[in-house]
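Numbering follows my numbering, in which position 85 of the sequence shown is assigned residue number 470; successive positions increment by one, without gaps. We treat Cβ as the ideally placed atom computed from N, Cα and C, and that holds for glycine. I have placed the structure first, in the form of structure tokens, so that the comments after it can refer back to it.
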Amino acid sequence: IRVDGRAAHGSLVTGNFFQVLGVQAALGRPLLPEDDERFAGRPVVVLSHAGWRKLFGGDREVIGRRVAISGAPHEIVGVMPDGFRGLAVTPPDFWAPLSLAGQLRGTSEGNEGIEVVGRLKPGLSPEAATPVLAAWASGRADLKRRQGHPIHVSLSPRQGTFSVDVMDALLTFLPLFFAFGL
386 IRVDGRAAHG SLVTGNFFQV LGVQAALGRP LLPEDDERFA GRPVVVLSHA
436 GWRKLFGGDR EVIGRRVAIS GAPHEIVGVM PDGFRGLAVT PPDFWAPLSL
486 AGQLRGTSEG NEGIEVVGRL KPGLSPEAAT PVLAAWASGR ADLKRRQGHP
536 IHVSLSPRQG TFSVDVMDAL LTFLPLFFAF GL
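Below, the structure written as structure tokens:
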């Protein structure tokens, strides 16, 4: 993805992403649920602190600026605090509403995955949540799917940045990595 012609990395998130994580913007505001509505009126993005410094040199006047992302205008509405990285190991340059998936991801016909991270309601099992999540995903017109290929939904437990499966693999191979390093 390019932001005003410069290479950048973005993440698509729901409008309540920052609210669920309990984080406020350092400048401006975070994304809001109404930003993620299909025809919200104006495409907006929130910059990570690293993306703000990389792409805009830490300019405090960046809020309200319109930038071209993948050739389309977007308004910068916020900058997140230094050190906030979302749910990734390193922060993206920006976060955009999931409703912009088709616009930002282009027209690629390949298999693309969208990772949805959330919390189950107390007492709700992953088995009961899976069909509800599948129904939600199938109702999202902005999630592109190829003809004859239904959306596949799977739930996996996760604690922090990595899934439980990845953490198990890291813990299993950590002694090998350490020995190789020596």
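- Here Phe-424 is exposed: its Cβ has fewer than 16 other Cβ atoms, across all protein chains shown, within 10 Å.
- In this structure the segment 469 to 489 does not touch the segment 508 to 516; the number of beta carbon pairs closer than 8 Å is below three.
- For Phe-402, the enclosing alpha helix (DSSP H) starts and ends at 402 to 406.
- In this structure the segment 438 to 451 does not lie against the segment 394 to 405, because fewer than three pairs of beta carbons, one per stretch, are closer than 8 Å.
- Secondary structure note for Leu-440: its alpha helix (DSSP H) is the uninterrupted segment 434 to 441.
- In this structure, DSSP gives Arg-387 an extended state, which the three-state scheme calls strand.
- Within the same chain, Cβ atoms closer than 6 Å to the Cβ of Thr-399 are found at Asp-421 and Leu-483, the five residues on either side in sequence being excluded.
- Look at Pro-466 here: in three-state DSSP terms it is coil, with no helix or strand label.
- By the 16-neighbour rule on beta-carbons within 10 angstroms, Ser-523 is exposed.
- Just measuring C-alpha positions, the residue of Gly-456, Arg-438, Glu-460 and Val-452 sitting nearest Asp-467 is Arg-438.
- Nearest in C-alpha terms to Gly-413, of all of Val-430, Ser-455, Asp-389 and Glu-419, is Val-430.
- When the five nearest sequence neighbours on each side are left out, the beta carbons in the same chain lying within less than 6 Å of the beta carbon of His-394 are those of Pro-477 and Asp-478, in order along the chain.
- According to the DSSP assignment, Ser-396 belongs to the beta strand (DSSP E) that extends over 395 to 398.
- Annotated three-state conformation of Ala-410 is coil, per DSSP.
- For Trp-521, the number of other beta carbons within 10 angstroms of its own is below 16, and it is reported as exposed.
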